[in-house]
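Protein chains in written order, with our numbering: chain A, 406 to 724; chain B, 35 to 438; chain C, 18 to 361; chain D, 68 to 576. Just so it is clear, CB atoms sit at the ideal spot from N, CA and C, and this is done for glycine as well. Below is one structure, written out as structure tokens, with a few remarks after it.
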Amino acid sequence: GDNGDGGGGDGEASGEELNITFLPKNLGNPYFETSNAGGEEAVEEFGGTYSEVGPQEATPDGQVEYINTAAQQGEDALVLSANDPSAICGALNEARDVDVAVVTFDSDTDAECRDLFVNQATAEGIASAQVQLVAEQIDEEGEIAILSASANATNQNLWIELMEEEIAADYPDIEIVDTVYGDDDDQRSFDQTAALLQTHSDLDAIVSPTTVGIAAAARYISDSDYAGEVAVTGLGTPNQMREYVEDGTVEAFALWNPEDLGYLSAWAANALASGEIEGEEGDTFEAGRLGEYTVGADGEVVLGEPFVFNSENIGDFDF
Amino acid sequence: MTAATRAQTRASHGAAERSGDEARTYAAYHRPWWFRTFISAEFLIIALLVLVWIIATTSVDNFSGPLTVRYLLMDIAPLMMIALPMTLVIITGQIDLSVASTMGLSTVVVGILHVQMGLSIPLSGLLAILVGVLCGVFNGFLVAYVKLPSLAVTIGTLALYRGIAVGLLGTTALTDFDQGWSDLATSSIGESRIPAIMIPVVILILIFAVLLHFTPFGRGLYDIGHNEQAARFSGVNVARSQMTTFILTGAVSAAAGIFYTLRFGNSRGDNATGLELEVIAAVLLGGVLIFGGRGAIHGVLAGALLIGVLSSALRLEGVTVNVINIIIGLLLVISVLTPTLVAGAQRLRERLSGPAAGQDSAPPTSEPPESPDSPAQQNSTPHKTAPHHESAPADSASTPTATP
Amino acid sequence: MTAETLTPAKRENSSMRAVRSLLASRETAIVLVILVIIAVATSFNQSFLFTGQGWRDLLLTPSILMVVAVGSAVVIITRNVDLSVGSTLAITAYMTGRLFVDVPGIPIFVVVLLGILVGAGLGLINGALVAFGKVPALVVTLGTMYIYRGAVLTWAGSDRINASDMPGSFLNLGTMQILSIPLLTIVAVLVLIVAGYWLSSTRSGREMYAIGSDPEAAKLYGLPTTKRVIIAFILGGALAGLAGVMYAARYGTVSSSAGMGWEFDAIGAAVIGGVAIFGGSGTVWGAAFGAILLMTINRTLPIVGIPDFWQRAVVGALIIGAIVLDRYLSVRRHRKLQEARDKA
Amino acid sequence: MSLSDSTPVLELAGVRKTFGSVTALADGSITVYPGSIHALVGENGAGKSTLIKIVAGLHRRDRGTFRFRGADAAFNSTAEAKNAGIAVIYQEPTLFPDLSVTENIFMGRQPRSRGGRIDKHAMQQEAAEIFDRLGVNLDLNRPADGLSIADQQIIEIAKAISLDAHLLIMDEPTAALSGVEVERLFAVARSLRDEGRGIVFISHRFDEIFSLCDTITVMRDGSYVATTPTAETSNDELVTMMVGREVADLYPKTPAELGEVVLEVEELSSAGTFSDVSFTVRAGEIVGLAGLVGAGRSEIVRAVFGVDSYDSGTVKLNGRPVPKGQPSVAIRAGMALVPEDRRQQGLVVDASLARNIGAAIRRRLSRFGLITTSAENRAAGPWASQLEVKTSALSMNAATMSGGNQQKVAIAKWLATEPSLLIIDEPTRGIDVGTKAEVHRLLSQLAGEGMAILMISSELPEVMGMADRILVVGEGRISAELDRDEATAEKVMHAATARHEKNRQEAAA
Ligand SMILES: Nc1ncnc2c1ncn2[C@@H]1O[C@H](COP(=O)(O)OP(=O)(O)OP(=O)(O)O)[C@@H](O)[C@H]1O
Ligand SMILES: Nc1ncnc2c1ncn2[C@@H]1O[C@H](COP(=O)(O)OP(=O)(O)OP(=O)(O)O)[C@@H](O)[C@H]1O
Ligand SMILES: [Mg+2]
Ligand SMILES: [Mg+2]
């Protein structure tokens with residue numbers, strides 16, 4: 406580890422051992438709990454020190470403090486999901502200046518402020534998986550609304566944009582009537598669902614490309630008069646959604662395996678911090694049980710295709 | 035010829051006429067200088083700060099690293115800035131809970147003017163400060179002239195200003211700020227580790243220290259906090275002074291908002307949510323009495339720094355924000371509780387040492403059961419507070435103060 | 018100077034007086050405002066009121082804040098304030114989930130009881146610090162707000178309770194309706210009725226007002242001020258604790274940030290409802306109606322086409338409006354009395 | 068009704084109470100028998116209120132004997148005293164402004180019906196009965212907030228009566244009452260006496276004492292002086308016992324040469340407090356404002372000084388108009404006001420001596436807008452020494468000083484502004500006899516140096532001894548103007564109560 410003149414941190418003391426910090430969008434988010442568990446698993450495999458820090462609220466300024474702390478501590482690598490593409494750039498670059506390897510996953514920053522971005526799936530793939538899910542569930546016609554995380558979440562915004570394009574092109578009878586933001590906060594997402602249903606009485610489906618949102622929407626609808634009337638789909642974790650899939654509120658939803666995402670990100674960080682790769686296009690690295698990955702354009706590494714969960718297969722998963 | 039010398043001549047005159055005694059002279063202070071310096075609430079918090087700093091330097095990895103001072107100061111710069119005018123407000127016995135909301139509004143205003151409308155940073159900053167001043171005027175008007183309780187008013191404007199900020203931008207964030215200015219906000223002074231923001235912060239500190247401790251205006255603020263009525267009888271313009279303090283908090287909060295915006299390159303309605311409580315915690319930790327009338331700038335700075343150092347050190351130790359919250363909360367409660375505990379212990383000791391007087395059959399010659407200058411007794415004189423007036427003056431007397 | 022000419026109709030017919038004071042009361046005014054808002058919202062969107070779901074949400078949404086606001090109102094009436102209720106709510110909400118996870122099969126009523134008890138305990142800490150420590154409530158509860166929130170953050174970490182962690186029978190309570198009235202609303206109304214009756218019709222209740230009206234005079238009267246202040250805080254805590262359990266049932270997911278900012282909403286509701294911030298006057302009914310007003314406005318804004326981002330601004334404007342109105346009314350009353358006395 | 072063979076209901080002997088450095092009560096003694104109305108008299112600050120606060124459980128005595136109904140007593144709270152059967156009407160009404168008149172009477176012991184519910188009907192009825200007995204007509208449901216001092220005092224009385232106590236203590240209950248109300252109160256007091264209760268009555272009005280009370284205890288400077296049956300004493304004898312010396316010695320005003328008109332007040336009016344007030348004060352002159360407590364004298368001078376606003380009229384100082392509502396301007400124009408309540412208005416008691424003395428001249432003490440503690444110390448020292456303030460250092464808080472010394476500081480603070488007009492409200496209220504004489508000497512000396520002085524005092528001998536000219540205020544109007552030579556106690560009292568009499572006649576008609 407090369408932690409600058411950090412005053413004898415434990416990185417140096419233990420020689421080869423790498424310090425890797427995971428910084429999710431916010432704490433208490435089950436999605437990141439799962440991905441971070443994957444990260445921890447990987448760090449244990451290659452023998453580093455894993456730590457997890459994060460803000461309470463999913464805001465960029467909250468993340469900056471932790472990025473600064475990581476720089477102070479002379480961590481070897483920082484693995485984070487960005488709350489804002491540019492707001493945290495300055496802090497990230499300062500961290501990189503003191504030789505902290507920066508890997509983003511799940512939600513990217515501008516390409517020039519990180520070394521690698523581990524993408525869960527291509528944005529097109531994610532968007533189109535969700536469009537197909539909702540189209541199937543409402544027979545390709547009707548009003549749908551989108552319940553997103555915060556209005557400036559990079560990944561969500563990109564997916565929403567792509568979904569809008571795809572619907573406009575391929576599904577003329579589907580109309581997106583509203584896009585609202587639950588800020589990845591339960592209560593707010595829950596209340597937003599209620600407001601959506603109140604405001605748009607002819608709504609046929611809610612698509613929520615965020616795990617907190619989809620769970621809140623499903624929970625609201627499951628015991629309301631809208632159960633069975635309004636479809637809910639989007640991106641969710643099996644454990645959170647199990648109940649609603651079983652009671653029929655939710656037919657199917659999609660997600661990649663967040664545990665694998667964290668796992669891959671940790672390996673990528675390892676490869677960077679140990680000097681194995683530079684993060685250039687074409688670099689390849691080993692990612693434990695997932696096999697070998699190649700860095701694509703703009704320093705992007707893609708995990709794979711999203712996976713669709715439904716009542717038949719949900720019992721096979723526990724995360 | 036000053037008033038004082040004239041008084042002196044008259045004094046000697048009068049004394050000579052009356053009794054021929056020599057005119058009495060008075061010592062300036064009844065306590066030696068070391069007592070005044072070291073036995074004070076402010077010194078206590080400074081000592082605690084130094085202690086925590088030493089412990090952190092010696093036992094927290096990386097605390098002595100090159101980046102710590104820089105990030106620490108940048109983190110608490112808004113806190114320090116707003117704590118200054120907040121000190122003035124609390125010394126007059128009022129409170130301003132709307133500062134963080136004003137700050138949030140200011141970042142939104144800067145964002146809209148600069149990013150969306152293309153105005154330059156200085157111009158949008160100036161307009162944001164103007165908005166902050168307006169926020170302060172609104173608070174100040176309701177408190178000082180309409181005579182509404184500041185607690186209720188600023189709980190209202192806490193929601194109102196935040197609501198306008200969030201309303202204007204929704205949850206979108208504007209992030210496209212002029213890079214030059216953003217770099218300036220996060221730059222350091224020359225080659226040092228001190229962030230450049232400390233230059234305006236130090237200037238503000240000096241201004242507020244002089245304003246509070248060395249001007250008639252500052253003296254008036256203490257008077258208002260101790261006893262608003264007496265202040266008015268002395269010719270202090272109570273309403274105008276209060277108005278001024280609220281305008282100052284508004285303006286400085288807005289300025290802190292500009293720094294915040296540039297540092298994080300981020301204009302969002304919910305920026306700095308909850309900072310008001312941290313500011314108030316810093317001010318109270320620094321020895322300012324919530325009822326008004328007591329406190330000093332150096333104590334408040336120590337309070338703010340203490341919060342900053344604790345947070346920084348604990349974060350480096352991998353302790354998350356929750357434990358930091360608990361520690362700040364405990365410090366706050368203990369700091370306000372200490373005088374009562376000390377007085378209670380004293381009373382207990384006196385009660386134990388004297389015979390149990392004041393029971394059913396108090397012997398006529400028994401010793402005083404209570405300390406003769408126990409403030410609690412003086413306080414029990416029946417006196418009627420005006421209905422709209424806070425219980426502050428009455429209660430403050432019951433909190434034994436640790437003034438040297 | 019005597020009062021003869023001032024009040025010619027001394028012993029006015031009591032039922033007439035009741036009607037008149039009802040019409041003039043703050044509570045009536047707020048109910049009217051709420052009704053107007055509901056009418057406006059319904060005219061924009063029929064389903065606001067006339068569907069089962071609309072009706073249920075109308076009643077359900079304000080219920081939890083109502084319970085917290087009732088507790089806060091009692092504390093404010095004694096000339097204190099409790100900033101820690103949001104954190105208390107978070108603790109008991111998370112505890113509720115934890116109990117179901119860690120003690121499988123625990124009876125629901127035990128969980129409810131524990132929620133109330135823990136809330137009361139946290140309130141007792143506040144009350145004891147305020148009453149015995151002679152420390153202003155604002156500072157104490159600011160401190161305990163940090164401490165309680167920190168405690169639940171430490172306890173929960175990044176853990177969160179999901180709907181599937183809690184038994185369906187418990188979650189059903191969150192949405193269950195009895196004769197089309199949601200159970201949580203019934204709980205809130207019961208709390209309100211009991212607290213309202215206690216404050217208006219018992220000695221200890223009236224003493225709350227006396228203490229808030231003039232603490233010094235209360236001491237001269239020989240009222241047990243310390244005890245009463247502690248009771249107020251215990252009650253405020255217990256109701257926040259109950260609200261935490263209700264929160265878990267209603268929202269199904271609980272994380273450590275539950276109830277963030279509720280302390281200001283609860284105080285805001287009380288102030289809007291006519292509870293004077295420095296104690297002595299106002300009713301829990303007013304506070305409860307204030308809570309309903311706040312939550313109903315929140316839901317109405319999007320319906321009438323105002324982005325709900327403006328919701329906090331409206332809340333703030335309402336609070337300011339309410340205290341300015343109170344001030345205006347009291348000045349006017351004083352002037353009238355003054356004039357009446359001059360004429361005498 | 069024989070006094071000697073029954074046990075006294077209240078017995079105090081050698082009771083002492085100090086507040087910090089102030090000895091409020093040095094040797095408090097009184098013995099009250101059932102079926103007796105016992106007057107407690109003494110000058111302001113003699114310790115009467117302190118004595119009864121000890122009986123009421125509000126203060127704890129430092130030493131001395133306290134027996135209630137034959138048993139040793141020491142109440143730790145007012146609740147204990149109340150439960151034992153002691154009802155107290157305090158000097159200042161202590162009501163809950165937000166609560167109704169009825170509730171104020173019964174707070175903490177409301178009649179209850181089953182289930183602990185307050186029986187509001189019974190409560191109303193009981194309150195109505197008490198008010199009938201007192202012969203007053205008050206809206207029972209209105210809040211106490213905004214009631215006149217008189218009405219507030221009546222509620223206090225009703226409260227005490229409803230307690231049905233063995234001992235009823237009334238600390239200046241009549242100070243704000245009109246003649247009719249006083250008569251009613253006396254009737255009630257006599258009937259309570261006839262029921263065998265003990266009553267302690269404190270008043271500064273001798274006529275009331277002589278018509279109501281059967282025994283009189285006199286106090287002076289915190290100590291017991293004498294107890295005598297009313298029948299065996301006289302007005303003059305009481306005064307001598309209270310004051311302890313010949314009255315004339317105390318007021319050494321030396322005639323001074325009158326100069327220009329300094330203060331000129333024309334047709335000053337303020338709704339509800341005073342109307343059509345016009346007067347002048349000349350350099351070297353002491354003008355006294357006399358009148359009953361509550362007549363509005365303090366309000367007049369507060370308006371003149373600018374602390375309160377007024378509706379119409381003009382104030383001129385040295386020929387130039389003084390804008391209303393701006394004390395800072397009045398101070399700069401040369402006006403000074405030593406207010407009546409030094410703890411609440413005159414001083415910031417939690418601030419140091421130096422800060423207090425410098426408080427009104429801060430602008431003058433600052434250089435380039437900056438003020439330092441040493442500048443304040445330099446300015447304060449000479450004034451403190453001129454007034455012989457007894458304290459150890461300039462940094463001592465005013466709160467640590469005795470009342471008399473606080474008053475000196477308050478005066479010093481205003482003399483430091485070098486005013487051309489000094490307004491001084493109750494200059495010697497609650498300060499000891501020695502200091503009193505010093506203050507009088509000082510005022511006289513200042514007038515001699517050409518200062519114009521406007522003095523308010525409720526002590527008739529003080530006004531008559533000190534003032535060159537006396538303005539009598541009754542119900543917010545100047546009802547008489549008397550020169551030093553023509554002023555007699557009778558004339559002043561007559562003018563002060565003139566409108567009271569008129570009211571009483573109107574009310575009777
Ligand atoms: N709480 C207190 N702290 C300090 N000094 C006090 C306190 N209460 C009373 N004193 C002082 O004790 C003395 C006696 O006061 P007290 O009120 O008993 O007089 P009093 O005889 O009732 O006078 P008055 O006729 O004006 O009501 C005064 O000098 C007063 O200033
Ligand atoms: N708190 C109050 N509430 C209502 N009326 C009041 C109050 N204080 C004073 N007043 C009224 O104001 C008028 C003047 O009162 P104040 O006691 O100041 O007169 P004063 O002549 O200065 O008497 P003092 O001898 O006490 O100085 C009276 O009519 C009185 O009833
Ligand atoms: Mg008295
Ligand atoms: Mg007066």
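Worksheet item: When you compare only the Cα positions, how much space is there between C:Met263 and C:Leu116?
Response: Along the third sequence, read from residue 1 onward, the residue named residue 263 of chain C stands at position 246. Along the third sequence, read from residue 1 onward, the residue named residue 116 of chain C stands at position 99. C-alpha separation (whole angstroms): 14 Å.
Practice prompt. Starting from B:Pro119, trace the alpha helix (DSSP H) both ways and give me its first and last residue.
Written response: For the purposes of this step, residue 119 of chain B is taken as the residue at position 85 of the second sequence. Looking at the DSSP string, the run of the alpha helix (DSSP H) that includes B:Pro119 is 100-125.
Discussion item. For D:Leu404, which residues in the same chain have their Cβ closer than 6 Å to its Cβ, ignoring the five residues on either side in sequence?
Written reply: The count along the fourth sequence starts at 1 and reaches residue 404 of chain D at position 337. If we look at D:Leu404 and ignore the five residues flanking it on each side, its Cβ neighbours are Phe372, Ile490.
Discussion item. Assuming contact is defined by CB atoms lying nearer than 8 Å, are B:Thr102 and D:Ser452 in contact in what I supplied?
Written reply: By 1-based counting over the second sequence, the position of residue 102 of chain B is 68. By 1-based counting over the fourth sequence, the position of residue 452 of chain D is 385. No, Cβ-Cβ distance for B:Thr102 and D:Ser452 is not below 8 Å.
Item to complete: Could you name the residues that DSSP lists as bridge partners for D:Arg176?
Response: The residue you call residue 176 of chain D lines up with position 109 of the fourth sequence. For D:Arg176, which the question treats as bridged, DSSP gives no partner whatsoever.
Practice prompt. Indicate whether at least one CB of chain C lies closer than 8 Å to the CB of B:Arg196.
Written response: Start at 1 with the first residue of the second sequence, and residue 196 of chain B comes out as number 162. Yes, B:Arg196 counts as interfacial toward chain C.
Fill in: C-beta neighbour in chain A for C:Thr192, strict 8 Å
Translated into the one-based positions of the third sequence, residue 192 of chain C becomes position 175. It does; some Cβ of chain A falls within 8 Å.
Practice prompt. Sort B:Asn356, B:Gly145, B:Ala377, B:Phe172 by Cα distance to B:Ala162 and report the nearest one.
Written response: Position 128 of the second sequence, counted from the first residue, corresponds to residue 162 of chain B. With distances taken between Cα atoms, B:Ala162 lies closest to B:Gly145.
Fill in: Per-residue contacts from C:Thr219 into chain D (C-beta, under 7 Å)
Sequence index remark: in the third sequence, residue 219 of chain C carries index 202 (1-based). Gly183, Arg184, Ile185, listed in chain order.
Worksheet item: With a Cβ-Cβ cutoff of 8 Å, do C:Val87 and C:Leu256 count as a contact?
Response: Against the third sequence, residue 87 of chain C aligns to sequence position 70. Against the third sequence, residue 256 of chain C aligns to sequence position 239. Judged by beta-carbon spacing, C:Leu256 lies within the 8 Å limit of C:Val87, meaning their Cβ atoms are closer than that value.
Worksheet item: Whose CA, out of D:Val506, D:Ala293, D:Glu529, lies closest to the CA of D:Ala357?
Response: If you number the fourth sequence from 1, residue 357 of chain D lands on position 290. Comparing Cα positions, the closest option is D:Glu529.
Discussion item. Please state the DSSP three-state secondary structure of C:Lys244.
Written reply: Looking up residue 244 of chain C in the third sequence gives position 227. Helix.
Practice prompt. Give the secondary structure of C:Leu318 by DSSP, where H, G and I count as helix, E and B as strand, and everything else as coil.
Written response: By one-based count along the third sequence, residue 318 of chain C stands at place 301. In this structure, C:Leu318 counts as helix in the three-state DSSP scheme.
Fill in: Boundaries (first-last residue) of the beta strand (DSSP E) holding A:Gly547
Stepping through the first sequence from its first residue, residue 547 of chain A is reached at position 142. Start and end: 547-553.
Discussion item. Per the DSSP calculation, D:Arg130 is bridged to which residue(s)?
Written reply: In the fourth sequence, residue 130 of chain D corresponds to position 63, counting from 1. D:Arg83, per the DSSP bridge assignment.
Item to complete: Give, in chain order, every unbroken run of the alpha helix (DSSP H) that is at least 4 residues long and sits entirely within the region 479-557 of chain D.
Response: Qualifying alpha helix (DSSP H) stretches, in chain order: 500-515, 527-533.
Practice prompt. Determine whether the Cβ of C:Asn179 lies closer than 8 Å to any Cβ atom of chain A.
Written response: Position 162 of the third sequence holds residue 179 of chain C. Yes, contact with chain A.
Discussion item. Which residue marks the beginning of the alpha helix (DSSP H) containing C:Met225, and which one marks its end?
Written reply: What you label residue 225 of chain C is simply residue 208 of the third sequence in a count that begins at 1. It spans 220-230 - the alpha helix (DSSP H) in which C:Met225 sits, taken as one unbroken run.
Practice prompt. In angstroms with no decimal places, state the Cα-to-Cα distance between C:Leu216 and C:Val92.
Written response: On the third sequence, residue 216 of chain C is found 199 positions in, with the first residue counted as 1. On the third sequence, residue 92 of chain C is found 75 positions in, with the first residue counted as 1. Between the C-alpha atoms of C:Leu216 and C:Val92 there is a straight-line separation of about 12 Å.
Worksheet entry | Pairwise C-alpha distance: B:Ser74 and B:Pro398 | Here residue 398 of chain B refers to the residue found at position 364 of the second sequence. Here residue 74 of chain B refers to the residue found at position 40 of the second sequence. Confidence at B:Pro398 is low in this model, with a pLDDT of 37, below 50, so its placement is unreliable and the value that follows should be read with caution. Spanning the two alpha carbons is a distance of roughly 39 Å.
Worksheet item: Along chain C, in chain order, which residues have C-beta atoms closer than 7 Å to that of A:Asp591?
Response: In the first sequence, the residue the question calls residue 591 of chain A occupies position 186. In chain order: Tyr268, Thr270, Ser272.
Worksheet item: Contact between the region 598-605 of chain A and the region 673-692 of chain A: three or more CB pairs below 8 Å?
Response: no
Item to complete: Figure out for me which residue from C:Pro324, C:Val102, C:Asp176 has the closest Cα to the Cα of B:Gly197.
Response: The count along the second sequence starts at 1 and reaches residue 197 of chain B at position 163. Closest option to B:Gly197, judged by alpha-carbon separation, among C:Pro324, C:Val102, C:Asp176: C:Pro324.
Discussion item. Once DSSP output is grouped into helix, strand and coil, what is the label at A:Thr454?
Written reply: Stepping through the first sequence from its first residue, residue 454 of chain A is reached at position 49. Strand.
Worksheet item: If you draw a straight line from the alpha carbon of D:Pro101 to that of D:Gly363, how long is it in whole angstroms?
Response: For the purposes of this step, residue 101 of chain D is identified with residue 34 of the fourth sequence, where counting begins at 1. For the purposes of this step, residue 363 of chain D is identified with residue 296 of the fourth sequence, where counting begins at 1. Roughly 38 Å between the two C-alpha positions.
Worksheet item: Is D:Pro210 helix, strand or coil by DSSP?
Response: The residue given as residue 210 of chain D occupies position 143 in the fourth sequence. Collapsing the DSSP output to three states places D:Pro210 in a strand.
Worksheet item: Using the beta-carbon of each residue, which ones in chain D are nearer than 7 Å to B:Ser268?
Response: Translated into the one-based positions of the second sequence, residue 268 of chain B becomes position 234. The answer, in chain order, is Ala426, Ala427.
Discussion item. Please tell me whether C:Ala234 has its Cβ less than 8 Å away from any Cβ of chain D.
Written reply: The residue given as residue 234 of chain C occupies position 217 in the third sequence. Closer than 8 Å: yes.
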